[in-house]
Structures are given as C-alpha cells and as structure tokens.
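>
In my numbering, the protein residues as written are 20 to 150.
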C-alpha cells in the first residue's frame, strides 16, 4: 500500500523541494506501527478461537495503546503523565512522521512487536500442550 504513494513522492519532488527525512521517517513509522498492530492482532487471535472475539480484543488493545494512553498522558501530570505519554503509540509515531528517527521510538516499536509475538508463541504453546 505504501508503494502506491511512490508516484506522488516522485511527482512532488520534481515540482519542488520535499523533506526526504520526513518522508522516510513517515514510511518507517507506518511500517513499524503496522507491524505493532499486527503483533497485537496475532496475540489477540492466540488467546481465543473465536475470530470476532479476537478482532474485538485486537481493536481494544490497539485503541488502548494508540488513543487512551495519549488521553491519560494529557490529563495527568508528573511521573504518570510521562509514563502514559511514553506508552502512547501516537507519540512515537508522530515523532517519526516528522522525520526524527529516535532510538527510543525504534526500541518502543520493536518491543511491542517482540512482546506480541512472544506472548502469541507462549499462548499457542500452552494451548498445544493442553490438547
């Protein structure tokens, strides 16, 4: 899907100056955000055998990470405000979409991906062990 936007990038870069850092950071941020949501969905589908329940669980967890942590960060001050701000996916994605590829953002996204995949593996191993 991101490949479909390549002609727009080429056209705009021919017509004027384009911020390559913001474009590359935005693409990288979208790829990592998508991979994070995929790992959350993988985990949600590993905890239940019902597809509808897995979908609702994945959406709930995704909304929790993307929106609710940002709302909680805005409503709290001090340590908890900073903690919820760091846990918010939107904070890390917005930073990368501006062209700032920070190691904290990369570590955050790769941690979400790794935890989602590892928890899925644990749940599936547990399910196979019980049967």
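A virtual CB, placed ideally from N, CA and C, is assigned to each residue, including glycine. Since the model is a prediction, treat every value here as computed from it, not as a measurement.
#1: Taking the alpha-carbon positions, what's the residue 72 to residue 110 distance?
#2: Are the stretch 132–142 and the stretch 102–121 touching, with three or more C-beta to C-beta distances below 8 Å?
#3: Could you tell me the alpha carbon to alpha carbon distance between residue 8 and residue 64, rounded to whole angstroms?
#4: Would you check if the stretch 75–89 and the stretch 44–51 touch, i.e. whether three or more CB-CB distances between them fall below 8 Å?
#5: Less than 7 Å separating the beta-carbons of residue 81 and residue 59?
#6: In whole angstroms, what separates the C-alpha of residue 100 from that of residue 28?
#7: Taking all protein chains shown into account, decide if residue 38 is buried (16 or more other Cβ within 10 angstroms of its Cβ) or exposed.
#8: Quick check on the DSSP output: the alpha helix (DSSP H) that includes residue 77 runs from which residue to which?
#9: Taking its Cβ as the centre, do 16 or more other Cβ atoms sit within 10 Å of residue 92, making it buried, or is it exposed?
#10: Between residue 132 and residue 61, what straight-line distance do the alpha-carbon atoms span, to the nearest angstrom?
#11: Got a sec, what are the start and stop residues for the alpha helix (DSSP H) residue 30 sits in?
So, to answer that:
#1: Walking along the chain shown from the start, residue 72 turns up at place 53. Walking along the chain shown from the start, residue 110 turns up at place 91. Cα-Cα distance, rounded: 28 Å.
#2: no
#3: Outside the shown range of the chain, which is 20 to 150, sits residue 8, and nothing can be said about it.
#4: no
#5: Mapped onto the chain shown, residue 81 falls at position 62. Mapped onto the chain shown, residue 59 falls at position 40. Result yes, Cβ atoms of residue 81 and residue 59 sit closer than 7 Å.
#6: To locate residue 100, count along the chain shown from 1; it is residue 81. To locate residue 28, count along the chain shown from 1; it is residue 9. So the alpha carbons of these two residues sit roughly 37 Å apart.
#7: Numbered from its first residue, the chain shown carries residue 38 at position 19. Exposed: under 16 other Cβ atoms inside 10 Å.
#8: Translated into the one-based positions of the chain shown, residue 77 becomes position 58. Residue 77 -> alpha helix (DSSP H) spans 70–82.
#9: In the chain shown, the residue the question calls residue 92 occupies position 73. Taking all protein chains shown into account, residue 92 has 16 or more neighbouring C-beta atoms within 10 Å of its C-beta and is therefore buried.
#10: Along the chain shown, one-based indexing puts residue 132 at 113. Along the chain shown, one-based indexing puts residue 61 at 42. Looking at the two C-alpha atoms, the distance is approximately 10 Å.
#11: For the purposes of this step, residue 30 is taken as residue 11 along the chain shown, with counting starting at 1. Per DSSP, residue 30 is one residue of the alpha helix (DSSP H) stretching across 25–34.
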